[in-house]
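Protein chains in written order, with this note's numbering: chain P, 1 to 369; chain D, 370 to 691.
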Amino acid sequence: MNHPKAGILGFVGLLNGPQTMGRSRLFWGSFAVVVVLAYLAPTYLGIKPYKVNEFLVSGFLAASLSILWGYGGILSLGQAAFFGIGGYTFGVIGINLWDLTGNTHLALLGGILVPTIFAAIVGAIMFFARLKGVYIAILMLVLSLLFETFMLQTADPDVYSIGKAMLGGSNGLRPASDIPSAAFGWGDSVAEFNGRRVGFYYFVLTLLIAVYLGLRCLLNSSFGYLLVAIREDPDRTATFGYDVCLIQLAVFCIAAALAGLAGSLDTARINRVDPELVFGVSANIMVVIWVAVGGRKDLTAAILGAITLEWMFLWLTTSGNPEYAQIVMGGILILVMLIAPEGIFIFLGNRLGRLYARSTALVSRREDT
Amino acid sequence: MNLGTELFGFAFQYIDSVAFLILSAIGLSIIFGMMGVINMAHGELMMIGAYVTAYSIHNGVPVPIAILFAGVGAGIAGIIMERLIIRHFYKQLLSSLVVTWGISMVISQLFLVLFGPTMESLRTPFSSIKILIGGDIGFAILGPKSFAALADASGRLPSGVESFGVYRIIMFVIAVLLIAAIWALMRYTEFGGRARATMDNPKMANALGINTSHIYAYTFGLGSALAGIAGGMFALTASITPFFGAAYTAKAFITVVVGGSANFISGLVGSVLTLGGVQTLFTNIFSVYIGFVGMIAAAFLILLLMPTGISGFIERIKARTK
Chain P
1 MNHPKAGILG FVGLLNGPQT MGRSRLFWGS FAVVVVLAYL APTYLGIKPY
51 KVNEFLVSGF LAASLSILWG YGGILSLGQA AFFGIGGYTF GVIGINLWDL
101 TGNTHLALLG GILVPTIFAA IVGAIMFFAR LKGVYIAILM LVLSLLFETF
151 MLQTADPDVY SIGKAMLGGS NGLRPASDIP SAAFGWGDSV AEFNGRRVGF
201 YYFVLTLLIA VYLGLRCLLN SSFGYLLVAI REDPDRTATF GYDVCLIQLA
251 VFCIAAALAG LAGSLDTARI NRVDPELVFG VSANIMVVIW VAVGGRKDLT
301 AAILGAITLE WMFLWLTTSG NPEYAQIVMG GILILVMLIA PEGIFIFLGN
351 RLGRLYARST ALVSRREDT
Chain D
370 MNLGTELFGF AFQYIDSVAF LILSAIGLSI IFGMMGVINM AHGELMMIGA
420 YVTAYSIHNG VPVPIAILFA GVGAGIAGII MERLIIRHFY KQLLSSLVVT
470 WGISMVISQL FLVLFGPTME SLRTPFSSIK ILIGGDIGFA ILGPKSFAAL
520 ADASGRLPSG VESFGVYRII MFVIAVLLIA AIWALMRYTE FGGRARATMD
570 NPKMANALGI NTSHIYAYTF GLGSALAGIA GGMFALTASI TPFFGAAYTA
620 KAFITVVVGG SANFISGLVG SVLTLGGVQT LFTNIFSVYI GFVGMIAAAF
670 LILLLMPTGI SGFIERIKAR TK
């Protein structure tokens with residue numbers, strides 16, 4: 001049952017629940033330490049924001065696939081499609097409205113809403129036709145590749161331009177110099193976050209923590225329980241009177257919104273959207289690798305998976321040959337799927353949790369005697 | 370150009386696109402139909418076939434034997450993949466998708482590291498023989514000399530005349546023969562009987578003394594070998610790179626998904642005939658890209674009407690009329 005514990009505010013109570021790993025004091029203690037360290041990292045630990053910012057953005061994308069695949073049981077091999085749509089929307093609106101408004105409120109909103117609407121349409125077709133999970137996974141990948149092919153042939157600025165923005169074919173959205181960074185506020189008090197600077201790091205870190213905590217609440221609410229129920233047995237859930245298709249559509253849209261947010265942030269970060277990088281096969285496979293290796297059935301594990309694997313990937317590509325980096329990534333995926341199919345961080349989390357439980361049990365027994 | 374020429378041209382393109390779809394999807398659809406696994410490394414098996422073919426031909430092996438080698442090479446690669454990794458994932462369809470995708474990434478990058486970004490491309494067989502239709506000629510099959518005599522200096526043909534390659538027609542014939550062979554294998558041989566029993570009810574088949582684990586391995590190998598043969602045949606028409614297979618896999622996946630898993634032969638034939646038609650029509654009227662879009666739109670539409678794919682639909686009608 002997910003009634004919040006007595007004496008605690010309802011919202012805070014939902015942070016902990018059986019759907020998310022880490023309920024102990026140990027977890028929240030180390031969570032606090034990690035958050036503090038993350039905020040201090042650029043100033044004291046020599047972490048370079050222009051490198052790490054990318055990892056944080058990946059965290060949103062990993063969270064999106066984790067709730068869709070891990071919790072909802074719907075695998076999409078084309079989650080980067082929403083990432084790309086969000087990125088392009090952010091760029092197009094940003095280029096057109098920057099001179100008018102001087103902020104990116106609408107661009108960010110569009111970057112989240114447009115993928116969500118697209119997901120609602122495609123999802124409605126797929127879920128109400130009751131397509132098999134394998135079909136959905138494949139169709140999403142093909143849709144993403146379709147976007148890639150479309151964007152690659154939009155080099156002609158006379159045909160493919162929206163206002164001041166030109167889709168630009170394989171060069172990506174142009175004029176790239178006009179793609180704004182994330183900026184909030186009005187008139188003279190606009191806070192702009194350059195994607196290579198430390199400001200963007202604090203902004204995205206705060207947003208990621210907020211989204212993470214918000215999603216924990218969502219997953220431990222009755223919606224989260226329903227999601228897991230549908231993952232485990234859709235027919236039985238339907239017998240209980242729930243509209244399975246509608247809930248699947250809802251989680252599909254939420255996941256698309258998150259991926260769109262990630263795409264918008266990524267466009268704002270590098271002031272650039274490149275069709276092959278956002279819609280291509282490797283963009284899509286990387287999301288699946290992060291989430292599968294980290295642990296798809298837990299939000300924390302998926303986000304940690306994205307950040308660590310991105311970090312490792314960057315280290316492999318900069319210290320060696322990028323081709324080897326991809327082989328290593330694929331190899332890690334296969335090995336983890338064979339040895340610890342639930343994912344590395346869930347595996348470690350369970351071990352740690354058992355150890356912690358044993359030690360606290362020991363302590364309480366000593367106190368009893 | 371008169372109507373007859375146009376119709377013939379359309380028919381030729383239809384046959385061409387059907388041949389490409391059959392060849393690129395047949396291996397995938399056997400594996401999907403028998404085990405429910407969509408093998409994301411299918412494109413890489415085709416790529417292995419292409420490399421084997423290219424390597425053999427560069428070393429003086431005749432073309433048909435080189436393509437057979439491609440089938441053997443990819444088949445062995447497939448059996449190794451199945452025994453080492455894929456057999457652990459039969460009960461988890463989504464996980465098998467993910468793990469085969471990982472395999473595909475490793476194989477293609479490995480080939481990139483080992484053999485470099487491209488391989489010396491091959492000459493299309495019979496490329497000097499052309500089938501000409503239309504204009505004043507009507508219908509003719511010409512060798513290089515008479516072709517050169519007919520065309521002007523820059524190789525252009527008189528107005529109204531269209532030329533088609535012979536190799537495309539051979540590809541179509543082989544595609545049809547392969548389907549017929551697979552059908553006969555499944556229908557009349559002992560292996561086919563065992564395979565169908567395993568597909569129908571693996572536990573019962575196992576209880577009756579069929580080694581289902583071996584059946585799975587052989588079926589996977591067979592599908593992989595077909596992928597290799599397709600790759601070998603495509604290698605003669607396209608440039609060969611480590612990501613060679615990716616160009617065909619998206620369409621192959623769509624074909625297989627539309628076909629469904631109830632009966633892979635009827636599914637494959639039905640979906641190839643429909644999707645090939647849509648693709649040819651839209652490509653003719655608009656562009657290659659719109660042809661691809663039309664194919665995917667058609668796939669969505671078909672799945673909306675028949676969620677279990679074309680073969681599931683056919684099986685249902687059969688069951689009803691019985």
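Cβ atoms here follow ideal geometry from the backbone N, Cα and C, with glycine treated the same way.
Range of the contiguous alpha helix (DSSP H) that encloses residue i
{"i": "E276(P)", "result": "275-279"}
{"i": "A183(P)", "result": "Unbroken run through A183(P) is the beta strand (DSSP E), 182-184; no alpha helix (DSSP H)."}
{"i": "S144(P)", "result": "133-152"}
{"i": "D188(P)", "result": "Per DSSP, D188(P) belongs to no alpha helix (DSSP H) and is neither H nor E."}
{"i": "E559(D)", "result": "559-569"}
{"i": "N220(P)", "result": "198-220"}
{"i": "V430(D)", "result": "It is not in any alpha helix (DSSP H) - V430(D) carries neither H nor E in the DSSP assignment."}
{"i": "A394(D)", "result": "372-404"}
{"i": "W315(P)", "result": "299-319"}
{"i": "N53(P)", "result": "49-65"}
{"i": "Y39(P)", "result": "25-40"}
{"i": "F603(D)", "result": "581-604"}
Under 9 Å from the C-beta of residue i: neighbouring residues of chain D
{"i": "Q326(P)", "result": "M474, V475, S477, Q478, L481"}
{"i": "L139(P)", "result": "F622, I623, V626, I665, A668, F669, L672"}
{"i": "I346(P)", "result": "Simply none; closest approach about 14 Å."}
Below-8 Å beta-carbon distance, residue i vs any chain D residue
{"i": "I85(P)", "result": "no"}
{"i": "P421(P)", "result": "Missing from the structure shown is residue 421(P); chain P here goes from 1 to 369 and no further."}
{"i": "G70(P)", "result": "no"}
{"i": "P4(P)", "result": "At P4(P) the pLDDT is 44, less than 50, meaning the model places this residue with poor confidence and gives no usable figure here."}
{"i": "P341(P)", "result": "yes"}
{"i": "V228(P)", "result": "no"}
{"i": "I334(P)", "result": "yes"}
{"i": "G305(P)", "result": "no"}
{"i": "F150(P)", "result": "yes"}
Beta-carbon contacts of residue i that lie in its chain and below 7 Å, excluding the five residues immediately before and after
{"i": "P275(P)", "result": "E148, M151, L152, S170, G172"}
{"i": "F128(P)", "result": "C245"}
{"i": "I346(P)", "result": "M21, G295, K297, D298, A301"}
{"i": "A80(P)", "result": "S144, V278, F279, A283, N284, V287"}
{"i": "I230(P)", "result": "G72, G73, T237, V244, I247, Q248"}
is_contact[residue i, chain P] using C-beta, thresh 8 Å
{"i": "I659(D)", "result": "no"}
{"i": "F560(D)", "result": "no"}
{"i": "S464(D)", "result": "yes"}
{"i": "G396(D)", "result": "no"}
{"i": "V545(D)", "result": "no"}
{"i": "G471(D)", "result": "yes"}
{"i": "A631(D)", "result": "no"}
{"i": "V430(D)", "result": "no"}
{"i": "A615(D)", "result": "yes"}
Where the beta strand (DSSP E) through residue i begins and ends
{"i": "E192(P)", "result": "191-193"}
Where residue i meets chain P, residues with beta-carbon distance less than 9 Å
{"i": "I539(D)", "result": "Neighbours of I539(D) on chain P: none; closest Cβ ~29 Å, over 9 Å."}
Within chain P, the residues that residue i reaches when beta carbons sit closer than 7 Å
{"i": "H457(D)", "result": "L338"}
{"i": "R619(D)", "result": "According to the sequence as given, residue 619(D) is Ala; it is not Arg. Here the neighbours are V142, L145."}
{"i": "V662(D)", "result": "L146"}
{"i": "A596(D)", "result": "What A596(D) touches in chain P: nothing, since even the nearest Cβ is about 17 Å away."}
Amino acids of chain P, ordered along the chain, whose beta-carbon sits closer than 8 Å to that of residue i
{"i": "V746(D)", "result": "The question about residue 746(D) has no answer here: the residues shown for chain D are numbered 370 through 691."}
{"i": "V641(D)", "result": "Per Cβ cutoff of 8 Å: no residues; V641(D) is ~16 Å from chain P at best."}
Under 7 Å by beta carbon: chain D residues contacting residue i
{"i": "Q153(P)", "result": "Y658"}
{"i": "I125(P)", "result": "F669, L673"}
Close-in-space but distant-in-sequence residues of the same chain around residue i (CB under 8 Å, 5 per side omitted)
{"i": "T643(D)", "result": "V627, A667, I671, I679"}
{"i": "V336(P)", "result": "A292, V293, G343, I344"}
{"i": "Y383(D)", "result": "G645, G646, T649"}
Per-residue contacts from residue i into chain D (C-beta, under 8 Å)
{"i": "M50(P)", "result": "For clarity, residue 50(P) is Tyr in the given sequence; the question names Met instead. Near Y50(P) there are no residues of chain D at all, since even the closest Cβ is about 27 Å away, more than 8 Å."}
{"i": "L131(P)", "result": "L672, P676"}
{"i": "Y444(P)", "result": "Not covered by the structure: residue 444(P). The range shown for chain P is 1 to 369."}
Cβ neighbours of residue i in the same chain (closer than 6 Å, five flanking residues each side left out)
{"i": "L554(D)", "result": "G561"}
{"i": "A62(P)", "result": "W290, V291, A302, I303, A306"}
{"i": "R272(P)", "result": "G172, A176"}
{"i": "I500(D)", "result": "I510, F533"}
**Q.** Ordered list of alpha helix (DSSP H) runs contained in the stretch 435-486 of chain D, each at least 4 residues
**A.** 462-484
Q | In chain order, each alpha helix (DSSP H) run of at least 4 residues that lies wholly inside the stretch 613-681 of chain D | A | 615-628, 633-654, 657-674
Q: Pick out the complete beta strand (DSSP E) segments inside the stretch 89-114 of chain P, 3 residues or longer, and give them in chain order.
A: Restricting attention to beta strand (DSSP E) runs no shorter than 3 residues, the stretch 89-114 of chain P encloses none.
**Q.** Every unbroken alpha helix (DSSP H) within the stretch 229-277 of chain P, with a cutoff of 4 residues, ordered by chain
**A.** 234-239, 244-270
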